[in-house]
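Report on the following structure.
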Amino acid sequence: MLTSPSELTIPLLNRPGPKTSVTELQRVESRAVKALATLCDLPQSLWLPWAGITQRLLQRGSASIVMEEIKPLSKRSPEDVSIVIEIESVLELLAENVRLHDPNRIREYLLRFTEIIDVVPRAVDAARRHFPEAQLIMEVYEDPEIEDCYLVLYVRLKQYDDSFVERLEKAEAEFLDHLADKEGWLQLTTDFREA
Amino acid sequence: MGRKYKNPPIVEAVCEFRLTEDTEWDLTVPGLFYERVKHEFPLREQRVIQALEVIPGPQGLQHVIRTTERVLMFAPDRKILVQLGPRLLVINALKPYPTWQGLKPRIEVAWKALQEVVDIKGLERIGLRYINRIEFPPQAVELQDYFDFYPFIGKRLPQEMASFVMVVEFPYVEDRDRCRVQLASTVGAEAKTAVILDIDYFLARPRAVDISNGLNWVEEAHSHVEEIFEGCITDRLRAMFEEVS
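Residue numbers (my numbering), protein chains in the order written: chain A, 23 to 217; chain B, 86 to 330.
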């Protein structure tokens, strides 16, 4: 029986969680090293110098890179070329840090404006770094006056001080260039509600 | 001919051709290719793809982030697109699925155009993949009511699952081909349960299919994907999709 997920406990399956078990680390490391070596057609004797690198990647929180490299072992396509799967991966990553308001509309928006799929994680990352204490909410905003719609990432804090706008602008500056010449849009803003 | 549904769950169909490394590729290929397909795919975009690569260097092995550019060419409604990267051709059809009769000619156009501009030496991989997204009403779902492909949970285990993923690879044509079938829970609309049924039929043995047989392989793959899809679901799910007689 599969139970309905509550809004904030969406099942996240393909996302590797933080590894705390030594066995798991070794297993992942071993597979990742083999995968990396396989990619380069390296003999088994050359795998050893790689011992430790995946652990360092994991410690730096780059587990997803390692897991991505494992894919070729199962004869999968070395890079995922599906737009839908790319969007699902982004949504899964977002669900860690962001409350998604109506994920289906976000999904539809990204399908329509595929150019900004890459920008979304950048924006969330920037917002999270500049506002580590904030609650982040994403939704598709429709402007009825000009028949326009775009993604909005709201930053909500417990208290808003004078530095808020400056921090918001700094966060926005980190991804704004990536939106240039693209049809879709992502707006970082706030509704000044309490987190 | 497979069954037809009024509300098919297909959110994306992907056809992929990966060429062998001995196929020469240069920067002029995307432009030449675009000239041949722009009547079907006039809207052009560029994307940068990053991949981790390991290379032997003077100080031992080095890992580098390799960046490649991929050109995306969309049909006017942006629902069908072609991705072209080094030794890679992908045709994606997004929801609503244009039917196989609508998609196959687009695959043919793109594949033939590539053959005109590149001297293809071999096929490393061909893939035909159908991604289905199925959303259920906001209540607990008994997977076996809807699927004939689902994880078996023994009676001594908790019967409730918060999430799951199940993958099986089936061999076809004496293991020349494989079909990777994955059923997994995913992010649903608020309070709704959703799953993705991902059927990826691919050439598992590089160069096992001749270039001239590429499109025949795709047609054959489509038949297998249809069989597998129907084998994965029950009549109750078919009723949700509203079969058209």
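Just so it is clear, CB atoms sit at the ideal spot from N, CA and C, and this is done for glycine as well.
| Mapping DSSP to helix, strand and coil, what is Ser-104/A? | coil
| request: Give a yes or no on whether the C-beta atoms belonging to Leu-173/A and Leu-122/A are separated by under 8 angstroms. | output: no
| message | Taking 7 angstroms as the cut-off, is the C-beta of Arg-218/B nearer than that to any heavy atom in the ligand HEM? | response | Only the bare structure without any ligand can be found here, which leaves the ligand HEM out of the picture.
| request: Tell me, please, whether the segment 124-136 of chain B touches the segment 225-237 of chain B by the rule of three or more beta-carbon pairs shorter than 8 angstroms. | output: no
| Leu-68/A versus Trp-185/B - alpha carbon distance | Any answer about Leu-68/A is weak, because its pLDDT of 36 lies below 50 and its placement is not dependable; what the coordinates show is given next. When rounded, the distance between both Cα atoms is 46 angstroms.
| request: Can you say whether Glu-110/A is buried or exposed, counting buried as having 16 or more other CB atoms within 10 angstroms of its CB? | output: buried
| request: Enumerate, from N- to C-terminal direction, the unbroken alpha helix (DSSP H) stretches of 4 or more residues contained entirely within the segment 237-282 of chain B. | output: none
| message | So, with DSSP's three-state summary, where would you put Gly-170/B? | response | strand
| message | Taking DSSP's pairing of strands, which residues face Lys-89/B in a bridge? | response | Val-329/B
| message | Let me confirm a value: Thr-152/B is counted as buried when at least 16 other C-beta atoms fall within 10 Å, else exposed. Which label applies? | response | exposed
| message | Assuming contact is defined by CB atoms lying nearer than 8 angstroms, are Asp-285/B and Cys-317/B in contact in what I supplied? | response | no
| task | Output yes if chain B places a C-beta closer than 8 angstroms to the C-beta of Leu-24/A; else output no. | result | yes
| task | Under 7 angstroms between beta-carbons, which chain A residues line up against Leu-179/B? List them in chain order, please. | result | Ile-105, Leu-133
| said: Counting only Cβ pairs nearer than 7 angstroms, list the residues of chain A close to Gln-168/B. | reply: Val-103
| query | Helix, strand or coil: which one does DSSP assign to Tyr-350/B? | reply | Absent from the model: residue 350/B. The displayed extent of chain B is 86 to 330, so no value can be given.
| request: Can you give me the Cβ contacts of Val-142/A inside the same chain, cut-off strictly under 6 angstroms, excluding the 5 residues immediately before and after it? | output: Val-112
| request: Specify whether the segment 195-213 of chain A and the segment 91-103 of chain B touch according to this definition: at least 3 beta carbon pairs, one from each stretch, less than 8 angstroms apart. | output: no
| What does Glu-216/A pair with, by DSSP beta-bridge criteria? | Leu-179/A
| request: Give the range of the alpha helix (DSSP H) segment to which Gln-229/B is assigned. | output: 228-231
| request: Pull out every residue of the segment 107-119 of chain A whose Cβ sits closer than 9 angstroms to any Cβ of chain B, in chain order. | output: Ile-107, Glu-110, Leu-113, Glu-114, Leu-116, Ala-117
| So who's on the other strand from Pro-141/B, going by DSSP bridges? | Leu-146/B
| request: Using a Cβ-Cβ cut-off of 8 angstroms, state whether Glu-137/A counts as contacting chain B. | output: yes
| message | Does any residue of chain B have a CB that is nearer than 8 angstroms to the CB of Pro-166/A? | response | no
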